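In this text, residue positions in the sequence shown follow our numbering: the first is 222, and each later residue adds one.
Report on one structure; see the data block that follows.
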Amino acid sequence: MSNNAPALRRVAGALLGLLLSPFAGRALAGGAPALPALSRSSPIGHAEVGGIAVEVYLEAVRAGAPLREGEEARVRLEFKDANTKAPLDGLFPGAWIDALTPAAKSSDPEECKKKLQGFVGGSLLNPPEHDLNAYFVLGLNDDATITVVDPLFTFGGSKLLDMVFLKSAGTDWTLSKDQLRLYVSMAEAGEIAVIDTESWKVIANVPAGKGAGRLMLQPDERYLWVAIDGGKNDPGVVAIDTVKLEQAAAIPLGAGPHDLAISGDDRYVFVSNRESGGVSVIDVRTLAEIRRVETCKQPVSIAWSEPAASAFVACQGDGAIVSVSSDPERPLVRLQAEPGLAQIRFSPDGRLGFVPNPKKNVVSIVDAAGPRIVQSPGVESEPDQVSFSQDIAYVRHRGSETILMIPLSQVGHEGAAVPVVDFPGGQNPPGRMDLPTPAAGIVQAPGEDAILLANPEDRMIYYYKEGMAAPMGSFQNYSRQPRAVLAVDRSLRPAGPGRYSTTFLLGPAGRRDLTLLVNSPRMVECFPFTIEANPDKPDTRSPVVATALQPNSKIAPGHEVNLRFRLSRTADESLLTGLSDVRIVTFLSPGVNRRALPATEVEPGVYQTRFTPSEEGIYFVFVESTSAGLKVEKSPATVIDTTEVPAASAPVAASAPSTVQPPNEGAPQS
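Structure below.
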């Protein structure tokens with residue numbers, strides 16, 4: 222999580238004095254009227270204010286490429302002492318991108334100050350084209366997709382930034398520390414999707430094994446550990462080399478399902494084995510199990526406490542909470558709660574462990590320093606998960622829409638009453654879902670005293686300010702069920718001594734300003750630059766529509782059919798002819814057996830492919846063409862029904878359009 226966001230928000234309170242400062246809006250050094258020619262090694266501008274020098278770089282993420290519309294770019298700021306040239310940290314800059322006034326040849330200092338006032342104040346009429354102090358919200362959905370949303374809570378809405386398509390529904394996910402990679406386990410596909418969070422593309426699908434579930438990155442990020450909840454002959458855990466993006470080891474363990482914990486020094490991995498009982502201890506240096514500890518009945522969850530230098534395992538069968546050390550000479554410590562325990566998680570400082578019990582409607586609070594169970598407050602119906610901000614524990618439920626807030630500063634005292642505040646987490650219980658996941662359903666919003674909450678049945682992600690009894694904002698998850706939520710911080714983050722950087726997607730071709738704000742010393746500067754036209758950008762003069770030409774909607778499995786679609790523009794109904802990149806994408810509900818089939822033009826504007834459904838079920842069919850600007854996620858879905866159809870069934874056809882979206886975009890074709 223970025224630590225500059227709170228400082229940026231504090232800037233708003235000091236804005237008036239900043240804008241009236243004699244240093245504010247000072248002209249750029251050099252004052253060149255022409256917009257600068259850009260390269261990866263040249264800054265777009267330089268400024269000095271109050272003994273602080275800054276150089277601003279703006280470069281394409283794609284090596285050697287110019288700044289072109291629709292492509293990723295990286296902003297890089299370098300701050301130095303103007304006299305000694307030593308790097309300067311702790312400045313917490315803010316930045317915005319907006320169009321340069323058409324009549325202006327360079328940035329005007331007064332216009333720069335006016336723009337900034339609107340940006341910081343959250344102007345509804347003139348929002349910036351890009352807010353480089355923002356974060357994105359991700360929803361792990363039930364239909365093998367991940368939605369990437371720009372949460373414009375300030376402006377009362379949101380917008381879909383991108384959508385990631387997986388081979389099957391995601392089971393768990395984790396971010397790298399720099400937040401440039403997202404790892405997602407896919408139990409049905411038996412693989413780990415590796416997603417580049419700058420382009421939102423799947424860059425690799427690493428085989429792990431059917432039943433790939435819980436994910437954990439080592440603190441040093443050398444290995445990604447994957448719990449495998451497959452059959453008897455499957456490994457209990459797999460280590461993924463994060464550099465080579467391939468398996469480093471597959472380690473057989475006791476019968477699962479499994480959960481993971483990793484020691485803070487990267488030396489040991491602890492794996493709970495639910496059916497066989499006990500915990501396996503793995504040596505990271507040898508990538509092998511070194512001992513197996515009998516702990517309790519049905520260990521279902523495990524978590525590491527750094528202050529205690531131990532892993533704590535929660536046992537569903539007998540209600541035990543057992544502390545396990547990497548030292549074989551150190552005795553186990555067994556704490557006794559009631560049977561039915563669920564997921565154990567520790568507070569940010571690692572001292573207090575929270576263990577909900579859905580059967581008894583209580584949460585056991587463990588002081589790891591004891592260790593001992595210090596409190597067991599009663600909660601709502603079927604608590605299943607506890608998440609944390611820096612100051613509050615949030616208790617989610619499967620049988621109630623109520624979220625409970627427990628102040629961390631007021632718990633941990635044995636026998637004392639636990640203060641609890643509640644608020645509604647939506648219209649339906651946020652912990653109730655058809656496809657459970659160990660991933661968090663509640664996370665803290667970056668740099669804010671606020672949380673994001675996923676509610677699958679509401680098909681919503683809510684934004685709550687801490688202490689508020691109602692959401693401050695919300696957005697629909699585009700007709701999908703968000704089973705977990707994650708925030709990817711794209712604000713300007715420290716990137717080395719005196720350096721800050723972030724990435725964003727370039728808008729349409731034209732002239733732009735990068736507006737820079739530093740609170741202390743007070744600095745407001747605008748740096749002009751140009752975005753070039755992109756010759757590879759698809760033709761978007763008018764949206765393209767794909768019309769299904771089949772007369773029926775049912776077919777028996779194993780029967781080959783022709784899928785035919787007419788592509789035309791909505792504005793004038795003109796046909797799109799001569800396309801060579803048309804693909805027809807099919808998948809079996811709820812998001813498996815994806816196939817991307819090349820289609821050929823069989824008559825003007827009509828494209829066809831042959832398809833054979835392999836098994837009974839409901840198939841969804843989409844069309845895509847990059848050259849025509851038709852994205853697969855924008856294509857209306859048609860439906861093929863292969864359930865309860867006699868062998869002599871007539872050829873298939875498409876039904877009316879649907880809002881269902883296809884999974885696994887960007888992954889290898891079947």
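Even for Gly, the Cβ is constructed at its ideal location relative to N, Cα and C.
Note that the coordinates shown come from a computational prediction; the quantities given were computed from them, not determined experimentally.
Nearest to residue i (by Cα), restricted to the options the options
i, options, result
"K431", "D455, I416 and D352", "D455"
"Q564", "A482, M407 and A509", "A482"
"V545", "A524, D383 and N755", "A524"
"E601", "L738, F748 and G652", "G652"
"T516", "F843, L556, W446 and D486", "L556"
"S633", "D570, Q606 and I663", "Note that residue 633 corresponds to Gly in the displayed sequence, not to Ser. Nearest of D570, Q606 and I663 to G633, Cα basis: D570."
"T791", "S630, P552, E753 and T768", "T768"
"T368", "L387, S608 and G647", "L387"
"L553", "L726, E559, D539 and S531", "S531"
"Q631", "A614, I624 and Y685", "A614"
"M689", "E678, A671, E822 and A705", "A671"
"G728", "L321, D302 and V275", "L321"
"P650", "V616, S610, G591 and P640", "V616"
"D486", "D539, S547 and I449", "S547"
"A590", "K581, L573, A365 and Q596", "L573"
"G779", "P742, S835 and T830", "S835"
"T305", "A286, G838, A274 and I318", "A274"
"R733", "K301, G561, Q537 and C333", "C333"
"Q519", "S484, H479, Y684 and A529", "H479"
"K398", "G477, Q611, G799 and R443", "R443"
"F644", "M693, P749, K301 and G717", "M693"
Beta bridge counterpart(s) of residue i as assigned by DSSP
i, result
"C747", "T736"
"D302", "I273"
"G731", "I752"
"P819", "R804"
"P577", "V584"
"E939", "Lying before the first or after the last residue shown, residue 939 is absent from the chain, which here runs from 222 to 891."
"C536", "P520"
"I461", "L445 and Q468"
"T724", "R295"
"S493", "D480 and V500"
"V616", "V607 and L625"
"E419", "Answer is none; E419 lacks a bridge partner."
"P715", "Y721"
"H267", "E276"
"D710", "Y356"
"T859", "V842"
"Q439", "According to DSSP, Q439 bridges with nothing at all."
"D319", "D734"
Residue i and residue j closer than 7 Å at C-beta
i, j, result
"R804", "E845", "yes"
"A858", "L797", "no"
"F567", "S621", "no"
"Y356", "R711", "yes"
"A433", "V423", "no"
"L508", "V492", "no"
"I503", "E510", "yes"
"A535", "V584", "no"
"A666", "W394", "no"
"L738", "G315", "yes"
"I682", "S608", "no"
"D802", "T847", "yes"
"R289", "N698", "no"
"R513", "G499", "yes"
"Y840", "I861", "yes"
"A365", "S389", "yes"
"G646", "L674", "yes"
Whole-Å CB distance - residue i paired with residue j, under 8 Å assumed
i, j, result
"S700", "R680", "6 Å"
"L298", "R714", "Going by Cβ atoms, the distance from L298 to R714 rounds to 11 Å, so no, they are not a contact pair."
"L788", "G826", "6 Å"
"L382", "V370", "6 Å"
"T392", "T724", "T392 to T724, Cβ: 28 Å. No contact."
"F786", "T807", "Contact flag wrong, Cβ pair sits at about 12 Å."
"N578", "E559", "6 Å"
"V947", "I472", "Nothing about residue 947 can be read from this structure; the chain reaches only from 222 to 891."
"T463", "L445", "5 Å"
"D605", "R593", "Actually they do not touch by this definition, with Cβ atoms about 24 Å apart."
7 Å Cβ cutoff, residue i in contact with chain B
i, result
"E290", "Absent from the structure: chain B. Only one protein chain is present."
Report the residue ranges of all alpha helix (DSSP H) runs contained in full by the stretch 618–706; include only those spanning at least 4 residues, in chain order. none
Taking only runs that begin and end inside the stretch 819–845, name each unbroken beta strand (DSSP E) of 3 or more residues, in chain order. 821–824, 827–832 and 839–845
Tell me the start and end of each unbroken beta strand (DSSP E) in the stretch 327–409 that is at least 3 residues and wholly inside, in chain order. 356–362, 366–371, 380–386, 393–396 and 402–407
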